[in-house]
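Numbering (the working numbering), first residue to last: 1169 to 1252.
Note that beta-carbon positions come from the ideal geometry of N, C-alpha and C, so glycine has one too.
The block underneath contains the structure these notes are about, expressed in structure tokens.
Shown next as structure tokens:
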């Protein structure tokens, strides 16, 4: 279907679809639609990563762990037989 003017709506499509058509500036084929979808998805992913990064940078630093006061010499070493 060829539309001669940007605003001559065919009688059988809804106004909302036509409005969308005008915003885009023409009919879009399947291939281009896929491309646009991919582009949109990529943009969304980028935004998501950006938000995640911002959130990560806002996190408070963790409290330093207390020093372990157990006797290191008495601990069992894995892979070695226990001394009795």
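Inset, instruction - Just the C-alpha distance for residue 1220 and residue 1226, rounded to the nearest angstrom, thanks. - result: 10 Å
Legend entry - Local conformation of residue 1219 per DSSP, three classes: In the structure shown, residue 1219 sits in a helix (DSSP, three-state: H, G or I).
Legend entry - Helix, strand or coil at residue 1248 according to DSSP, with G and I counted as helix: coil
Inset, instruction - Using three-state DSSP, classify residue 1183 as helix, strand or coil. - result: helix
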